[in-house]
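Worksheet for the structure shown next.
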Amino acid sequence: MKKHAQAASRQREKVDKEIDTNTSKLLTLQLTEPSTSTRTGNVSSSKTTQRQPRGKQASVSTSAQLKAPSHPLPGRGPSYTIKTPLPHPHTALLLHLKYLSTSIQHSALCRIEAFYESSYCRGRYLSIEQVKLLRQGELDPGGKAVELCKGYAGFNFPLTSVVEWLQAMWDAHSIPSLTGEGDDVSKSTAPTRWWEEHCNEEEKEFLDLLFDKASLLGSIPKNADIDSDNTCGIIITGPMSKKMRKSENDYAGKYITKDIKPYIISHMANTLSPLPPQQNNKIAKVDETSAHELAHFAYHSCPDYARVVQELYDSELSVRTKEFVEFTLLLLGYDREVHVDEVQAYLNVEGFPYQTANNAKSKGKKAGQDGEWDMGQVKKELEALKVGVKAAYSKVYN
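Heads up: the sequence shown begins at 23 in our numbering, then just goes up one per residue.
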């Protein structure tokens, strides 16, 4: 996830309000790519077009043309594409979302993103009410207010994390007690869309996309050989072409979770006038965010690339520099489990966020166990790591 400064976040919120009052006038930027997409669409009825990574390039390069929609854009749900953008033999599936409002994007994806990577609650389900209390400082022993995913311009997580989040939701709300048959989900009397009463409207819209529009999630088929821990009854189901199937009768879930490794990235859609001038100037920033999230996709989807990045991280950085990296990323809210992934995404696109640690020190936060860092050495090591990471990344699309 890529973060912007608080001032930029406040400015985006202001622009969001402008967008919400002008969505009927929006024009959308149509951006094309040579690679194919298995499916495109929008949660709403509009046909918003997509910006895709061009084939066999490590960085995002696109061409654009202006196109007016055939009818006003509702401006609520995201447009989306489903594709396998990596060259053979990679079969990783990417669901690429684009929202017209940062506030709606945050509302839809924040709890899932925090479940996936937050240093505060990775792997721990928080209800809507708990998130509210957390933001008010009522859950922290010291009264500290915590806003999850604050300032996020983009989001990324594997589809498996959505299933795990739904399972955690099922467990947290004791939904198995509704079955009267223990934990056998096949005999459950819970509502088909049991999660809806525990989600906000934007989350429900996102999940509807996964279940209905994109057909990426579904219910466990009868007599399916599924891990007994999966009591919420949800698995990854597709989409899957005939050549991907083991047989015509094979259901998608068992195959796709092993070989396709679906991944989700999201960011703002590029837009043109008549939006406010400050929004027009953010197209370059949206491109940067998109490239950052695509780097996460590559790390998740290419085991060889992830292995090289880990080896470079271990060999190029000293213990002291790793302490600086950890300090910085924990300040930004990232759990240690995703630190190496975050480092490679930052280095591939906008560079490491050195200023975050400097800002923290100016506010009196602890700089490190042994005092100040040698920033000259820190930057030298991270720049050397950057060269190796970018060289490895350039081979991902070749």
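Think of the CB as a built atom: it goes at the ideal place given N, C-alpha and C, for glycine as much as any other residue.
Predicted, not measured: the structure shown is a model, and the values here were computed from it.
Sequence-distant Cβ neighbours of residue 403 in its own chain, meaning closer than 8 angstroms and more than five residues away, are 338, 339, 340 and 343. Considering only 170, 314 and 196, the residue with the shortest C-alpha distance to residue 134 is 170. With contact defined as three or more Cβ pairs closer than 8 angstroms, the segment 147 to 155 and the segment 99 to 113 are not in contact. Beta-bridge pairing by DSSP links residue 374 to no other residue. Taking a C-beta distance under 9 angstroms as the contact criterion, residue 287 and residue 117 qualify as a contact pair. Bridge partners of residue 290 according to DSSP: 121. Counting along the chain, the unbroken alpha helix (DSSP H) around residue 410 starts and ends at 397 to 416. Note that the C-beta distance between residue 253 and residue 216 is not below 9 angstroms.
Linking residue 399 to residue 405 through their CA atoms gives a straight-line distance of about 10 angstroms.
In the DSSP annotation of this structure, residue 108 is not part of any beta strand (DSSP E), being labelled neither H nor E. Short of 8 angstroms from the beta carbon of residue 140, and not among the five residues preceding or following it, lie these beta carbons of its own chain, in chain order: 170, 171, 355, 356 and 357.
Unbroken beta strand (DSSP E) stretches of 3 residues or longer found wholly inside the segment 323 to 376: none. Taking a C-beta distance under 9 angstroms as the contact criterion, residue 377 and residue 415 do not qualify as a contact pair. Per DSSP, reduced to three states, the secondary structure at residue 321 is helical. Residue 161: not part of any beta strand (DSSP E); DSSP gives it neither H nor E.
Rounded to the nearest angstrom, the Cβ distance from residue 289 to residue 105 is 16 angstroms, too far for a contact under 8 angstroms.
Taking residue 351 as the centre and dropping the five residues before and after it, the same chain places the C-beta of 361 and 364 closer than 7 angstroms to its C-beta, in chain order. Under the DSSP assignment, residue 183 falls in the alpha helix (DSSP H) whose first and last residues are 181 to 194. Comparing alpha carbon positions, the residue from 292, 410 and 313 closest to residue 331 is 410.
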